[in-house]
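Here the protein sequences line up with chains A and B, keeping their order.
Just so it is clear: in the first sequence, position 307 is 307 by the UniProt record's numbering, and no numbers are missing.
Just so it is clear: in the second sequence, position 129 is 129 by the UniProt record's numbering, and no numbers are missing.
Where a beta carbon is used, it is the ideal one built from N, C-alpha and C, also for glycine.
Have a look at the structure below, then the notes.
Number of protein chains: 2
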Amino acid sequence: MLEEYSRQVIEEVEKRIRQYLSGDVHELYEASRYLIEAGGKRLRPLMLVASSDLFHGDRKRSYLAGSAVEVLHNFTLIHDDIMDQDTLRRGRPTVHVKWGVPMAILAGDLLHAKAFEMLIDSVSGLDEARANDALRLFAKSVIELSEGQALDMQFEERWDVTEREYIEMVRKKTAQLFACSASLGGIIGGGTEKDVKNLFLYGEKIGISFQIVDDILGLTADERELGKPVYSDLREGKKTILLIKALRDASEEERKRILAGVKSNDQGKLRDAASLVLTISLEYATRLSESYKTEALQALSLVKSDNEEVKKLLMEVAELVTKRRK
Amino acid sequence: MLEEYSRQVIEEVEKRIRQYLSGDVHELYEASRYLIEAGGKRLRPLMLVASSDLFHGDRKRSYLAGSAVEVLHNFTLIHDDIMDQDTLRRGRPTVHVKWGVPMAILAGDLLHAKAFEMLIDSVSGLDEARANDALRLFAKSVIELSEGQALDMQFEERWDVTEREYIEMVRKKTAQLFACSASLGGIIGGGTEKDVKNLFLYGEKIGISFQIVDDILGLTADERELGKPVYSDLREGKKTILLIKALRDASEEERKRILAGVKSNDQGKLRDAASLVLTISLEYATRLSESYKTEALQALSLVKSDNEEVKKLLMEVAELVTKRRK
Chain A
1 MLEEYSRQVI EEVEKRIRQY LSGDVHELYE ASRYLIEAGG KRLRPLMLVA SSDLFHGDRK
61 RSYLAGSAVE VLHNFTLIHD DIMDQDTLRR GRPTVHVKWG VPMAILAGDL LHAKAFEMLI
121 DSVSGLDEAR ANDALRLFAK SVIELSEGQA LDMQFEERWD VTEREYIEMV RKKTAQLFAC
181 SASLGGIIGG GTEKDVKNLF LYGEKIGISF QIVDDILGLT ADERELGKPV YSDLREGKKT
241 ILLIKALRDA SEEERKRILA GVKSNDQGKL RDAASLVLTI SLEYATRLSE SYKTEALQAL
301 SLVKSDNEEV KKLLMEVAEL VTKRRK
Chain B
1 MLEEYSRQVI EEVEKRIRQY LSGDVHELYE ASRYLIEAGG KRLRPLMLVA SSDLFHGDRK
61 RSYLAGSAVE VLHNFTLIHD DIMDQDTLRR GRPTVHVKWG VPMAILAGDL LHAKAFEMLI
121 DSVSGLDEAR ANDALRLFAK SVIELSEGQA LDMQFEERWD VTEREYIEMV RKKTAQLFAC
181 SASLGGIIGG GTEKDVKNLF LYGEKIGISF QIVDDILGLT ADERELGKPV YSDLREGKKT
241 ILLIKALRDA SEEERKRILA GVKSNDQGKL RDAASLVLTI SLEYATRLSE SYKTEALQAL
301 SLVKSDNEEV KKLLMEVAEL VTKRRK
């Protein structure tokens, strides 16, 4: 069922995104559509629409709110790529490589504003309290995303980042938008306060699991399949869960080899550090991502809905996130 | 009256901005407060609060909405300074000079989201249609600002920009946020649809006049008083109204001297081009800014309000904008 359902959601969401992302200032709109049109898994709108379907919510609203979270997500990717100086994403040159930094900043700003516009339109005419909750949650999420990205950058300069600090950073940088997507679906669809809270938890735990898998793929994936360079996390000094665990558990000699690879441009040293980090941390990280997925499923099981089919679909999404290869 | 009124508005607005712009990720919040704390004329919140006062609107709402437009304005300044590679603003190094480009991008993104958060809070509980109008107008304004900045950048590479194109660019880049401020005051304060439209026009015309004065000051002001380098518009190839007019009316020989100065780093050539541009265009630009101010006052005169004192104050604001020295 997931495939057919997801195909329809993606089609409807992309239609709305095309409608909203057109304007007279061609270069700006082209730059702002470029990354979105390069593809992406559309997990966040899928989660949002399905969460709304749990309560038989209005599809017109959930499609548009789903478009809003997808557009917001792409805004953050464009700006993050500038900040991290990443040159490849989804198998294409990043926006700032293609159009220059000024236009990429602006394209991100435009998407940020368009995301708000879409969300405002999607909750227009909805019960007043729900509309306000949705808008506040959305704004709060962008704030958390910015804070998470700031922490991620600060961590690049530190060697003593703890697992606890990592989880807090990931909660903001990655998990908040998943949490926002699932709980927005609950708010818009008509869930109770408790349902909305559990959907938030469901999304949040999936988001943490997603980021841990991302960290793993950054060291193990096939470069062409991933659509971006492997080892870039190591090269940038990103404190992934794998590196944090490895720095904690490595022997003195192993630690030296790891530190020789991190932030290095020497492919050999990078590869050696990566392989060492994997040896020490892969099993641990895999289990950790599994355990967050389990917590996500627990939260989901507490959501009251008579739509068993969609609930099962949301369970499949959780599995998909943990098992993905790109 | 303007001074006392404006002092109070600024105090209340700055108090709210401080409240909203505090958070645990210290460096990010510090970077995001830095430019706002460096000062600024706070014209937009002043216009918003006064416009709301025309209809005896709730001051709690208008102060918060005023804070939202000021925060939004500062977000755009931070990002514009990165794009234009400007190093000085309000007499201080710009945010990206002090904290680096990545943190400056992020500080702007945070302010952008915070501005929406403030506006959402300010219209919460307001009549539903008015709340929706306010939110949509705000989102639309950010979209126009981005489009205006894109046009401004594109114009740097062109030599055939017309006055009509210039006005359209300025309408988006500068005037939209003034228009948004004045009409938001009308919406929140309780004005009729017609009042809101006239306040929009009032703000828009003031905004255009403001930008023309800005163009003039960029060639004539005292550098220390202005808080940023003079001639930077010429150095960046910005198509100001003065340069457009001068390129149109110059003799062949004058045109050569102007083109020799534009985008040049030679202070002598810059000064020669600036003086020539002023000779040809200063009177024209001054009259143009005056005529937009007159249109602003006409629009204001059509707004129905029993608060004559505040209306007079909004008239004074229009004069202030046209006569300012920095």
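Quick one: what does DSSP say residue i is sitting in, helix, strand or coil?
i      : result
P229/B : coil
I164/A : It is worth fixing the name first, because residue 164/A is Arg in this sequence and not Ile. Three-state result, R164/A: helix.
L320/B : helix
R89/A  : strand
H26/B  : helix
L276/A : helix
M169/B : helix
S264/A : coil
N74/A  : helix
A250/A : coil
N307/B : coil
F55/B  : coil
R42/A  : coil
K15/A  : helix
K312/B : helix
D80/A  : helix
L302/B : coil
R325/A : coil
L21/B  : coil
Y174/A : Sequence inspection shows Thr at residue 174/A; the Tyr mentioned does not correspond to that position. In this structure, T174/A counts as helix in the three-state DSSP scheme.
G186/B : helix
A104/A : helix
A179/B : helix
Using a threshold of 8 Å, state whether the C-beta atoms of residue i and residue j are closer than that.
i             : j      : result
L28/B         : A104/B : no
L219/A        : L278/A : yes
residue 328/B : L313/B : The structure shown has nothing for residue 328/B, since chain B only spans 1 to 326.
D53/A         : V310/A : yes
E316/A        : L48/A  : no
Y63/A         : R92/A  : no
I241/A        : L199/A : no
K98/B         : L21/B  : no
L126/A        : F138/A : no
L88/A         : K228/A : yes
I188/B        : V95/B  : no
G57/A         : V9/A   : no
Should residue i be flagged as near chain A, meaning a C-beta pair shorter than 8 Å?
i      : result
V95/B  : no
H79/B  : yes
D58/B  : no
P102/B : yes
L28/B  : yes
S183/B : no
I188/B : no
L234/B : no
I82/B  : yes
L48/B  : no
L106/B : yes
S264/B : no
S67/B  : no
Does residue i get closer than 8 Å to chain B when you measure Cβ to Cβ?
i      : result
E128/A : yes
F155/A : no
K114/A : yes
G23/A  : yes
Q149/A : yes
E117/A : yes
S146/A : yes
I216/A : no
D152/A : no
I120/A : yes
L110/A : yes
S275/A : no
S124/A : yes
With a cut-off of 8 Å, do at least 3 Cβ pairs link the segment 36-54 of chain B to the segment 62-82 of chain B? yes
Extract the residue ranges of the alpha helix (DSSP H) inside the segment 110-159 of chain A, only unbroken runs of 4 or more that lie entirely within it. 128-156
What are the residues of the segment 130-142 of chain A that lie near chain D, defined by any Cβ-Cβ distance shorter than 9 Å? Included in the structure are the protein chains A and B, with no chain D among them.
Count the C-beta pairs between the segment 208-217 of chain A and the segment 246-266 of chain A that are closer than 8 Å, then say yes if the count reaches three, no if not. no
With contact counted as at least three CB pairs below 8 Å, one residue from each stretch, are the segment 196-214 of chain A and the segment 292-311 of chain A in contact? yes
On the three-pair Cβ rule with 8 Å, is the segment 141-152 of chain B touching the segment 161-175 of chain B? yes
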